[in-house]
Amino acid sequence: MTATLAGSARDDRAAVDKAISLLVALGDRSSGESGVSALARRAQMSKSTAYRVLGMLERNGVVERVGTDYRLGERLHHLGKAVYAPGSESIRDVLLPYLADLYEASRETVHLAVLDGPHVVYLAKLYGHRPAPVPSRIGGRLPAYATAVGKVLLAYDYEAAERVLSQPLRSYSASTITDPDELSAELDGIRRTGVAFDNEEYQPGLACVAVPVLNRAGRAVAALSVAGRLGQIDTRRLSVHARRVAAAASQAAARGLARTA
């Protein structure tokens, strides 16, 4: 009996690993192929095993079949929404046009992010023309205190800032602010100026500038940022464009988010 249970556990673990490998293969947009043979090759399993696991995923709505090809299913999309902070979908819908405006003004990589606990969650990202060491991804999380978007959001959320300042601050690069007093002083400065900067604080070679999107009560509901390679972008100059876009975005947020509240 014990041996049977142990064997069953090993089989379940193997099945989960195979399912995840196939989902990762499906999510890899670098290859246009999504038939069983191609997916089995990328997931490094036999075609028969891939076909069986894909069938299980299809029955659960995580994968959909289109002819002889497969694609990620709608249920997986709905599950993915759980990654975002509450209310993020409406924030993204209202503010996406302003993220596009910021991109047009800068032509650099731009982000829309919200605060979720001690982290920032990236709701949208538009890539700039020049390659830059930007570690963000849509739905991804980074420590708020080590990013421009995170610092600007913490500056307008005293409770969240206090929680972050009360915990040890890990160093991600030689420039990460790990002293609570220094970080607190920087947040005070951000409240006065309405803009935050990041010079290699999370990622070496990366520079960012971020501004808050404020609601009618003056609370930051989101942040917009511009990021690029250090030495190639002028974050001070870009802060002028970012402030202008954020002012218009704040007015839209005050209108649009009030209707969806």
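According to this note's numbering, the stretch in the sequence shown is residues -15 to 245, in order. Even for Gly, the Cβ is constructed at its ideal location relative to N, Cα and C. Keep in mind that this is a model prediction, so the values were computed, not measured.
Tell me which residues share the same chain as residue 19 and place their Cβ nearer than 6 Å to its Cβ, disregarding the 5 neighbours each side in the sequence. 52, 53, listed in sequence order.
Roughly how many whole angstroms lie between the Cα atoms of residue 200 and residue 155? In a straight line, the C-alpha of residue 200 is about 35 Å away from that of residue 155.
Just to confirm before moving on: does the CB-CB distance between residue 225 and residue 90 stay below 7 Å? Closer than 7 Å, so yes.
DSSP-derived helix/strand/coil call for residue 35: In the structure shown, residue 35 sits in a helix (DSSP, three-state: H, G or I).
Need the endpoints of the alpha helix (DSSP H) that residue 72 sits in, please. 72 to 90 is the extent of the alpha helix (DSSP H) around residue 72.
Taking the alpha carbon of residue 209 as the reference point, which residue from 80, 97, 56 has its own alpha carbon closest? Distances from the alpha-carbon of residue 209 to those of 80, 97, 56 put 97 closest.
Assess, as a yes-or-no matter, whether the segment 41 to 60 is touched by the segment 3 to 10 under the definition of 3 or more beta carbon pairs within less than 8 Å. Segments in contact, yes.
Using C-beta distances below 8 Å, list every residue in its chain close to residue 141, excluding the 5 sequence neighbours before and after it, in chain order. So the list reads 99, 203, 204, once near-sequence residues are dropped.
Tell me which residues share the same chain as residue 116 and place their Cβ nearer than 7 Å to its Cβ, disregarding the 5 neighbours each side in the sequence. Within the same chain, and ignoring the five residues on either side of residue 116 in sequence, the residues whose Cβ sits closer than 7 Å to its Cβ are 93, 190, 211, 212, 213.
Scan the segment 163 to 236 and note each continuous beta strand (DSSP E) run of 3 residues or more that stays entirely inside, going in chain order. Runs of the beta strand (DSSP E) spanning 3 or more residues and lying entirely within the segment 163 to 236 occur at 180 to 183, 190 to 198, 204 to 213, in chain order.
Taking DSSP as the reference, what is the three-state secondary structure of residue 126? The answer is strand: DSSP assigns residue 126 an E or B state.
Where the alpha helix (DSSP H) containing residue 138 begins and where it ends: Element bounds for residue 138: 132 to 139.
Assigned secondary structure, residue 153 (DSSP; H/G/I helix, E/B strand, else coil): If DSSP states are grouped into helix, strand and coil, residue 153 belongs with coil.
Taking 8 Å as the limit between beta carbons, can you name the residues of its chain near residue 86, skipping five residues before and five after? Excluding positions up to five away in sequence, the list reads 94, 208, 210, 225, 226, 229.
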